[in-house]
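Trainee: If you read the protein sequences in the order shown, they are chains C and Z.
Okay, so the first sequence: first residue is 13 according to my numbering, each after it adds one.
Okay, so the second sequence: first residue is 13 according to my numbering, each after it adds one.
Even glycine gets a Cβ: it sits at the ideal position worked out from N, Cα and C.
2 protein chains.
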Amino acid sequence: MIPNLKIDSERLWSMLMDTAKFGGTPKGGVKRLTLTGEDKQVRDWFRAEMEALGCTVTVDEVGNLFARRPGRNPNLPPIAMGSHLDTQPTGGKFDGILGVIGAVEAMKTLVAAGYETNAPIEVVDWANEEGSRFAPAMLASGVFARVFTPEYAWSREDRQGVTYGDALEAIGYKGSEKAGDHPLQAYFELHIEQGPILEDEGRTIGVLTGVQGMRWYEVTVKGQDAHTGATPMRLRKNALVGTARLIEAIDAIGHRHAPDAVATVGLVEVKPNSRNVVPGEVFFTVDLRHPEEKVLEQMEADFRAAIVDVLPPLKLDWEEAMIWNSPAVKFAPELIACVDRSVDKRGYSKRRMVSGAGHDAVYIARVAPTTMIFVPCEGGLSHNEYETIKAEEAAAGAQVLLDAVLEYDATLA
Amino acid sequence: MIPNLKIDSERLWSMLMDTAKFGGTPKGGVKRLTLTGEDKQVRDWFRAEMEALGCTVTVDEVGNLFARRPGRNPNLPPIAMGSHLDTQPTGGKFDGILGVIGAVEAMKTLVAAGYETNAPIEVVDWANEEGSRFAPAMLASGVFARVFTPEYAWSREDRQGVTYGDALEAIGYKGSEKAGDHPLQAYFELHIEQGPILEDEGRTIGVLTGVQGMRWYEVTVKGQDAHTGATPMRLRKNALVGTARLIEAIDAIGHRHAPDAVATVGLVEVKPNSRNVVPGEVFFTVDLRHPEEKVLEQMEADFRAAIVDVLPPLKLDWEEAMIWNSPAVKFAPELIACVDRSVDKRGYSKRRMVSGAGHDAVYIARVAPTTMIFVPCEGGLSHNEYETIKAEEAAAGAQVLLDAVLEYDATLA
Numbered sequence: 013m014i015p016n017l018k019i020d021s022e023r024l025w026s027m028l029m030d031t032a033k034f035g036g037t038p039k040g041g042v043k044r045l046t047l048t049g050e051d052k053q054v055r056d057w058f059r060a061e062m063e064a065l066g067c068t069v070t071v072d073e074v075g076n077l078f079a080r081r082p083g084r085n086p087n088l089p090p091i092a093m094g095s096h097l098d099t100q101p102t103g104g105k106f107d108g109i110l111g112v113i114g115a116v117e118a119m120k121t122l123v124a125a126g127y128e129t130n131a132p133i134e135v136v137d138w139a140n141e142e143g144s145r146f147a148p149a150m151l152a153s154g155v156f157a158r159v160f161t162p163e164y165a166w167s168r169e170d171r172q173g174v175t176y177g178d179a180l181e182a183i184g185y186k187g188s189e190k191a192g193d194h195p196l197q198a199y200f201e202l203h204i205e206q207g208p209i210l211e212d213e214g215r216t217i218g219v220l221t222g223v224q225g226m227r228w229y230e231v232t233v234k235g236q237d238a239h240t241g242a243t244p245m246r247l248r249k250n251a252l253v254g255t256a257r258l259i260e261a262i263d264a265i266g267h268r269h270a271p272d273a274v275a276t277v278g279l280v281e282v283k284p285n286s287r288n289v290v291p292g293e294v295f296f297t298v299d300l301r302h303p304e305e306k307v308l309e310q311m312e313a314d315f316r317a318a319i320v321d322v323l324p325p326l327k328l329d330w331e332e333a334m335i336w337n338s339p340a341v342k343f344a345p346e347l348i349a350c351v352d353r354s355v356d357k358r359g360y361s362k363r364r365m366v367s368g369a370g371h372d373a374v375y376i377a378r379v380a381p382t383t384m385i386f387v388p389c390e391g392g393l394s395h396n397e398y399e400t401i402k403a404e405e406a407a408a409g410a411q412v413l414l415d416a417v418l419e420y421d422a423t424l425a
Numbered sequence: 013m014i015p016n017l018k019i020d021s022e023r024l025w026s027m028l029m030d031t032a033k034f035g036g037t038p039k040g041g042v043k044r045l046t047l048t049g050e051d052k053q054v055r056d057w058f059r060a061e062m063e064a065l066g067c068t069v070t071v072d073e074v075g076n077l078f079a080r081r082p083g084r085n086p087n088l089p090p091i092a093m094g095s096h097l098d099t100q101p102t103g104g105k106f107d108g109i110l111g112v113i114g115a116v117e118a119m120k121t122l123v124a125a126g127y128e129t130n131a132p133i134e135v136v137d138w139a140n141e142e143g144s145r146f147a148p149a150m151l152a153s154g155v156f157a158r159v160f161t162p163e164y165a166w167s168r169e170d171r172q173g174v175t176y177g178d179a180l181e182a183i184g185y186k187g188s189e190k191a192g193d194h195p196l197q198a199y200f201e202l203h204i205e206q207g208p209i210l211e212d213e214g215r216t217i218g219v220l221t222g223v224q225g226m227r228w229y230e231v232t233v234k235g236q237d238a239h240t241g242a243t244p245m246r247l248r249k250n251a252l253v254g255t256a257r258l259i260e261a262i263d264a265i266g267h268r269h270a271p272d273a274v275a276t277v278g279l280v281e282v283k284p285n286s287r288n289v290v291p292g293e294v295f296f297t298v299d300l301r302h303p304e305e306k307v308l309e310q311m312e313a314d315f316r317a318a319i320v321d322v323l324p325p326l327k328l329d330w331e332e333a334m335i336w337n338s339p340a341v342k343f344a345p346e347l348i349a350c351v352d353r354s355v356d357k358r359g360y361s362k363r364r365m366v367s368g369a370g371h372d373a374v375y376i377a378r379v380a381p382t383t384m385i386f387v388p389c390e391g392g393l394s395h396n397e398y399e400t401i402k403a404e405e406a407a408a409g410a411q412v413l414l415d416a417v418l419e420y421d422a423t424l425a
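1. Helix, strand or coil: how does DSSP classify residue 329 of chain C here?
2. Residue 159 of chain Z by DSSP, collapsed to three states: which one?
3. What residues of chain C sit near residue 101 of chain Z, judged by a beta carbon separation below 9 Å?
4. Give the secondary structure of residue 204 of chain C by DSSP, where H, G and I count as helix, E and B as strand, and everything else as coil.
5. Of the choices Z:300, Z:270, Z:152 and Z:305, whose alpha-carbon is the least far from that of residue 222 of chain Z?
6. Judging by CA-CA distance, which residue of C:143, C:189 and C:387 is the nearest neighbour of residue 156 of chain C?
7. Mind checking who residue 223 of chain Z pairs with in its DSSP beta bridge?
8. How long is the line joining the alpha carbons of residue 163 of chain C and residue 170 of chain C, rounded to whole angstroms?
9. In the DSSP assignment, what residue or residues form a beta bridge with residue 228 of chain C?
10. What residue range does the beta strand (DSSP E) around residue 62 of chain Z cover?
11. Roughly how many angstroms separate the alpha carbons of residue 126 of chain C and residue 311 of chain C, rounded to a whole number?
12. Tell me, please, which residues DSSP counts as bridged to residue 8 of chain C.
13. Measure how close the beta-carbons of residue 121 of chain Z and residue 414 of chain Z come, nearest whole angstrom, since I'm counting them as under 8 Å.
14. Looking at the secondary structure, which residues open and close the beta strand (DSSP E) in which residue 97 of chain Z lies?
15. Output, in sequence order along the chain, the residues in the segment 276 to 305 of chain Z whose CB is closer than 7 Å to any CB in chain C.
16. Any beta carbon from chain Z within less than 7 Å of residue 110 of chain C's own beta carbon?
17. Please classify residue 91 of chain Z: is it buried, with 16 or more other beta-carbons within 10 angstroms of its beta-carbon, or exposed?
18. Starting from the N-terminal side, write out each stretch of the alpha helix (DSSP H) that is 4 residues or longer and does not extend beyond the segment 127 to 196 of chain C.
19. Smallest Cα separation from residue 193 of chain C: which of C:178, C:165 and C:158?
20. Between the segment 257 to 276 of chain C and chain Z, which residues of the former have CB atoms less than 7 Å from a CB of the latter, in chain order?
21. Output yes if chain Z places a C-beta closer than 7 Å to the C-beta of residue 382 of chain C; else output no.
22. To the nearest angstrom, how far is the alpha carbon of residue 224 of chain Z from that of residue 366 of chain Z?
23. What are the residues that DSSP puts in a beta bridge with residue 293 of chain C?
24. Does residue 77 of chain C come out as helix, strand or coil in the three-state DSSP assignment?
25. What's the call for residue 68 of chain Z, buried or exposed, on a 16-neighbour Cβ count within 10 Å?
26. Take every Cβ of the segment 170 to 188 of chain C, pair it with every Cβ of the segment 35 to 48 of chain C, and state whether three or more of those distances are shorter than 8 Å.
27. For residue 309 of chain Z, count neighbouring Cβ atoms within 10 angstroms of its own Cβ and tell me buried if that reaches 16, exposed if not.
28. Alpha carbon to alpha carbon, how far is residue 356 of chain C from residue 386 of chain C?
29. Where do the ends of the beta strand (DSSP E) carrying residue 319 of chain C lie?
30. What's the gap between the Cα of residue 82 of chain Z and the Cα of residue 384 of chain Z?
31. Is residue 383 of chain C helix, strand or coil by DSSP?
32. Confirm, please, whether the CB-CB distance from residue 397 of chain Z to residue 41 of chain Z is below 7 Å.
33. Measure how close the beta-carbons of residue 255 of chain C and residue 315 of chain C come, nearest whole angstrom, since I'm counting them as under 8 Å.
34. For residue 347 of chain C, decide whether its Cβ has a neighbour in chain Z, counting only Cβ atoms nearer than 7 Å.
35. With a cut-off of 8 Å, do at least 3 Cβ pairs link the segment 344 to 361 of chain Z to the segment 240 to 250 of chain Z?
36. Assess contact between the segment 51 to 59 of chain C and the segment 22 to 39 of chain C, defined as three or more Cβ pairs (one per stretch) separated by less than 8 Å. Is contact present?
So this is what it looks like as structure tokens:
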């Protein structure tokens, strides 16, 4: 009994291109930092567009925007679709934005068809997902999910010392609704992959099953500075050689637990970093990710074993500490099933996958059944003005979003 | 018929401590940059001290100072002993200075004994060895050896735009003698090791046989930036992993040709150097040294083979270039023999060695028979305010310097 409602792919693409003008950059990207004038422009557009569809728009105390269309059963909490409209300083036109605009398109399709759902349907714009102006990232979805207090969010400061609370009031988006006083029946987030897997395999839709657990570490390897010419190999305590072996060992840990594991050294600082001095100290960071906490434990143990194997024979000392631990998230099986059925119904190619990056869905999964849908982006490029997606793949994503919501809604009859 | 002349170790140490006040730092080091007021102070001291001994002091056009005591045969060019009195910005009390002050002590011993040599004897202070204020290093010994023209030297500028020529005139040390118009019978340079070998082996004197050939390279490894969470291991082009393997391969090249070879990566710059970005580009430097050019050729070939072995399988591209090539120097066997005999006569422990660092002797070896004598320095530490040597080892070095000069002089009878 689920109707075959087709989204309008040209309307979707037009909305993506039109809203990209709010903060549009000469290189074709978007600079729309949280709670700036450009963010207010896109929020005003969103509110006007949704009110024109007959939706009720509310704003919560940390600036999250909800546009609701009533359902047949007013006692059911809403099924929400959304993501974020803020961007990185040199961001693209699609990261986060596709999830909100795709939801707007789904809502337009519903309204045009006059189809009445069982539950209310909401489109959500979560505030400050990027965290570029106000750290940390996913701030307002975090307050919604009671990971942070509203007071914490309001007190965040940008580099000019402006608080999040003051910036919210300045653009008129500090709402009266208490954040989180707003149960969700379910939450679906459409997003660009921000990685190369779908493109590499030539698939259209990523059916997400969760978000990787992530652990960050900092390591300082300590040896001794020495003259490169006057210090024989056997008398060296070369912190960079020890670091090189650990970089390889960490890369090998990623490969050993492939395809789901990733392990990376991204940042290296060598001291004194001079052509003719054997490096006496190296600082580096480690990023380990896996969808299963148990495997992540093993990767961590492997990493720590590598340190103990590699450094003492080189007469090197070290300090090591885990500085961040974000547990793995499992998405709701009943929502994943709805996405699966929707993809199959439309005949799109798909693969199950786990998000390697954080999203608002990570926090919302703590308070509501949640899942995500990915579409490919060219070369896996994101957080970049050249971020690019194909119009037909954007449309496929929005279609699956709408279909999955309707699939899920049908179970509430 | 060579007299047994004993240097005065207390007088030597007093001169080292007294002259260390010209530019002395609170931490016990010396800041005496080339042609500054502090350099003028120590030059004035040197001139006065040598003239008091009856020596004739001349200055050449690039500021090299020569203090000559006549010999029996006025037709013989002088046997020179020396090094440099300038220091690094945070230098020690001994680097270079020991070679000049040790020579002054040798001269004082000769004069006190009234011993007449066959050849004239000279003590030399080569200007601007360090190159800290005016690059390049070993500038004025380089002009003496016709590696550089005097015009090149005069035109060197410090960071304030003051030329070497103007600075020479400002302190009154631009002499009239043309640089290099001054043949040397032989040149002996006493120096601290600036490395850990003598201390590690518990030996007092290093009998130098030459200076390592040195080759410097720059390498840029090119991969692709990617999100650490969203990019599976198999789709990465991780420039840092390629670099890590090359750092290890280069270290292995040093070990393979040990004990004489050294191979070092000293400087590494990672881009974008962010915790959650797979590094897309890494720049690093390579320093290869060996006393034999033939071995250095092999090390270079091994290094280039490692690049070709390591990078393509990782889907990485690269640029590589040699940016400096300083050929190996062989010291004069007849001078080395004089040092050997002198060390044995005094019963000091010794080892043959090759200098890993550059010295004025590298250039002087092009125009005169040359050798060097090393004494240990604590922990191999140099170019540092905490540079330390033992008074008895300084004395042993000065004693061998004097004895070797007398040994050599005896061959000129």
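Mentor: Result, derived from the coordinates:
1. The answer is strand: DSSP assigns residue 329 of chain C an E or B state.
2. It is coil, neither helix nor strand.
3. Result: empty, since nearest Cβ-Cβ is about 14 Å, beyond 9 Å.
4. DSSP places residue 204 of chain C in the strand class (E or B) of the three-state scheme.
5. Nearest in C-alpha terms to residue 222 of chain Z, of all of Z:300, Z:270, Z:152 and Z:305, is Z:305.
6. Nearest of C:143, C:189 and C:387 to residue 156 of chain C, Cα basis: C:189.
7. Here residue 223 of chain Z is bridged, per DSSP, to Z:341 and Z:367.
8. Their backbone Cα atoms lie some 15 Å apart in a straight line.
9. The partner list for residue 228 of chain C (beta bridge, DSSP) reads C:299 and C:336.
10. DSSP places residue 62 of chain Z in no beta strand (DSSP E) but in the uninterrupted alpha helix (DSSP H) bounded by 49 to 64.
11. Distance from the CA of residue 126 of chain C to the CA of residue 311 of chain C, rounded to the nearest whole angstrom, comes to 52 Å.
12. What the structure shows of chain C is the stretch from 13 to 425, and residue 8 of chain C is not part of that stretch, so it cannot be assessed.
13. That pair is a contact at about 6 Å.
14. Careful: residue 97 of chain Z lies outside any beta strand (DSSP E) and carries neither H nor E.
15. Result list: 276, 277, 278, 279, 280, 282, 285, 286, 287, 288, 289, 290, 291, 297, 299 and 301.
16. No - not a single Cβ of chain Z is within 7 Å of the one on residue 110 of chain C.
17. Answer is buried; the Cβ neighbour count reaches 16.
18. Here the runs fully enclosed are 151 to 156, 162 to 167 and 176 to 182.
19. Residue nearest to residue 193 of chain C within the set C:178, C:165 and C:158 is C:158 (criterion: CA-CA distance).
20. Of all residues in the segment 257 to 276 of chain C, 257, 259, 260, 263, 266, 267, 270, 271, 274 and 276 have a Cβ within less than 7 Å of some Cβ in chain Z.
21. Taking a beta-carbon distance threshold of 7 Å, residue 382 of chain C does not count as an interface residue toward chain Z.
22. Whole-angstrom Cα-Cα distance: 6 Å.
23. Answer by DSSP bridge pairing, in chain order: C:234 and C:283.
24. The answer is strand: DSSP assigns residue 77 of chain C an E or B state.
25. If you draw a 10 Å sphere on the C-beta of residue 68 of chain Z, you find fewer than 16 other C-beta atoms in it, and that means exposed.
26. Under the three-pair Cβ rule at 8 Å, the segment 170 to 188 of chain C counts as touching the segment 35 to 48 of chain C.
27. Under this definition residue 309 of chain Z is an exposed residue.
28. Each residue's CA atom was taken as its position, placing residue 356 of chain C and residue 386 of chain C some 15 Å apart.
29. Premise fails: residue 319 of chain C lies in the alpha helix (DSSP H), 305 to 322, not in any beta strand (DSSP E).
30. Their Cα atoms are separated by approximately 23 Å.
31. DSSP places residue 383 of chain C in strand when its eight states are reduced to three.
32. Result yes, Cβ atoms of residue 41 of chain Z and residue 397 of chain Z sit closer than 7 Å.
33. With a beta-carbon spacing of about 13 Å, residue 255 of chain C and residue 315 of chain C fall beyond the 8 Å limit used to define contacts.
34. By this cut-off, residue 347 of chain C is not an interface position.
35. Contact fails: fewer than three Cβ-Cβ distances are below 8 Å.
36. Between the segment 51 to 59 of chain C and the segment 22 to 39 of chain C, the count of C-beta pairs closer than 8 Å reaches three or more; the two stretches touch.
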